[in-house]
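Below is one structure, written out as C-alpha cells; the observations come after it.
As C-alpha cells, then:
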C-alpha cells in the first residue's frame, strides 16, 4: 500500500501519532514514502556499499570514505509530478568526482550527474546542483559515486527541486544584475588578460593598473589565478577568479539560488554608436 509522502516523520500532535499507528496497524505492509523535495541527510540511506559515516561540522553525520563505485540508496522516494534538478551538499580534500543519480538499482536509469570539485577540505562544504531528466512517481534512488583513486569526497545532504515555473510576471520577484565578463591571465580565454579587473587588460594586475575598494571573497571558488598584487592582509596570495571558467558561473548562480534571487540580467556594453553603416 502507498502512503502519501512524509519526510522526517515528526508529528506535532498526539492525534497525528495515533493516525499513523492506526494506519500501520490496519495495513502492516504499508510503507511511508519520502518526498524527494525535502532536504534529506545522506546518512539516512536504506542501503549502501563501501561508505562510512562521520560527524559533520554542519551538524549530524555525513557520508565519508567514498571510493569509485560506492553508492548509497534511498527506498520509496516520491518525485510527485516531476523533478527538474538536484542540490547536493559536498566537500572534498581531493580532486572530487561525480555523483550519478540513478533509479531503482545501482546501474539503473541515469537521470543526472553532479560534478563535485575539490573544496580544500573534507569539511569545507559547498552546494552543487545539476539538472535531472523528467522523473515522476515513487522510486528507489541511488547516488552512485565515480572518480579517480582514493577517497573522492563527502556528502552531507541532497534535495530535488520541482519543475520550472516558466515565464511569468516580474512583479514581486527579485532580480540581480550579472557581469559575466571578468577574465584572468592564463584562463584560456580569447582575451588572454585581466579584462574588467584592470584599466589595461594586457598589463599586469598590479598597483596602478588595478585598484580595489573591496577585495572579492574568493574562498568558495574552485579555480583562481595569481595576480601581481601584494599578499592580502591575512598573508594569503592575492588571487582572482575568471568568469571564463564554467565553475565560476555555476558558483555565482548557486549563490543567487541560495539567497532566493529569482533571475539575473546579464550586463553587457554595446559598441559605440555611429552614423555610418
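In this note's numbering, the protein residues as written are 526 to 802. Backbone N, C-alpha and C define an ideal beta-carbon position, used for all residues, glycine too. Given the structure is predicted, the values throughout are model-derived calculations rather than measurements.
Measuring CA to CA, which of 685, 700, 651 is closest to residue 679?
Numbered from 1 along the chain shown, position 154 holds the residue referred to as residue 679. Nearest option by C-alpha distance: 651.
DSSP state of residue 704, grouped into three classes?
The sequence position of residue 704 within the chain shown is 179, counting from 1. Three-state result, residue 704: coil.
Using only the alpha-carbon positions, how far apart do residue 756 and residue 576 sit?
Position 231 of the chain shown, counting from 1, holds the residue named residue 756. Position 51 of the chain shown, counting from 1, holds the residue named residue 576. Per the coordinates, the alpha-carbon of residue 756 lies some 40 Å from the alpha-carbon of residue 576.
Flag this pair as touching only if the region 703-715 and the region 651-669 have three or more C-beta atom pairs under 8 Å; answer yes or no.
no
Closest Cα partner of residue 668 within the set 623, 660, 699, 674
For the purposes of this step, residue 668 is taken as residue 143 along the chain shown, with counting starting at 1. Selection 623, 660, 699, 674 evaluated against residue 668 yields 623 as nearest (Cα-Cα).
Taking all protein chains shown into account, do 16 or more other C-beta atoms lie within 10 angstroms of the C-beta of residue 776, making it buried, or fewer, making it exposed?
The sequence position of residue 776 within the chain shown is 251, counting from 1. Buried, since its Cβ has 16 or more Cβ neighbours within 10 Å.
Are the Cβ atoms of residue 612 and residue 716 separated by less than 9 Å?
Looking up residue 612 in the chain shown gives position 87. Looking up residue 716 in the chain shown gives position 191. Cβ distance not < 9 Å, so residue 612 and residue 716 don't count as in contact.
Beta-carbon proximity of residue 578 to residue 617, cut-off 9 Å:
As a first step, residue 578 must be located in the chain shown, where it is residue number 53. As a first step, residue 617 must be located in the chain shown, where it is residue number 92. In this structure, residue 617 does not lie closer than 9 Å to residue 578 by Cβ.
Taking 7 Å as the limit between beta carbons, can you name the residues of its chain near residue 597, skipping five residues before and five after?
As a working note, residue 597 is residue 72 in the chain shown. Once the five neighbours on either side are set aside, the close Cβ partners of residue 597 are 567, 570, 573, 576, 588, 668.
Out of 704, 580, 560, 649, point me to the one whose CA is closest to residue 791's CA.
Locating residue 791 in the chain shown gives position 266, counting from the first residue. The shortest C-alpha separation from residue 791 is found at 704.
Straight-line CA distance for residue 742 to residue 788?
Within the chain shown, residue 742 is the residue found at index 217, counting from 1. Within the chain shown, residue 788 is the residue found at index 263, counting from 1. One C-alpha to the other measures close to 22 Å.
Paired residues, beta bridge with residue 804 - DSSP:
Nothing can be reported for residue 804: it is not among the residues displayed for the chain, which extend from 526 to 802.
Cβ-Cβ distance between residue 664 and residue 590 below 9 Å:
Here residue 664 refers to the residue found at position 139 of the chain shown. Here residue 590 refers to the residue found at position 65 of the chain shown. Not closer than 9 Å, so no.
In the DSSP assignment, what are the bridge partners of residue 669?
Taking the first residue of the chain shown as 1, we reach residue 669 at position 144. According to DSSP, which records beta bridges pairwise, residue 669 is partnered with 596, 625.
Relative to the C-alpha of residue 747, which residue among 763, 771, 760 is closest?
Residue mapping note: residue 747 aligns to position 222 of the chain shown, counting from 1. Of 763, 771, 760, the residue nearest in Cα terms is 771.
Please confirm if residue 661 has its CB atom under 9 Å from at least one CB of chain D.
Of the protein chains in this structure there is only one, and it is not chain D.
Keeping to the same chain, check which residues put their C-beta closer than 7 Å to that of residue 585; ignore five residues upstream and five downstream.
Reading the chain shown from its first residue, position 60 is the one you call residue 585. Answer for residue 585: 566, 568, listed in chain order.
Spatial distance of residue 783 from residue 606 (CA atoms)
As a working mapping, residue 783 is identified with position 258 in the chain shown. As a working mapping, residue 606 is identified with position 81 in the chain shown. C-alpha separation (whole angstroms): 24 Å.
Burial state of residue 682 (16 or more Cβ within 10 Å)
Reading the chain shown from its first residue, position 157 is the one you call residue 682. Residue 682 should be labelled buried.
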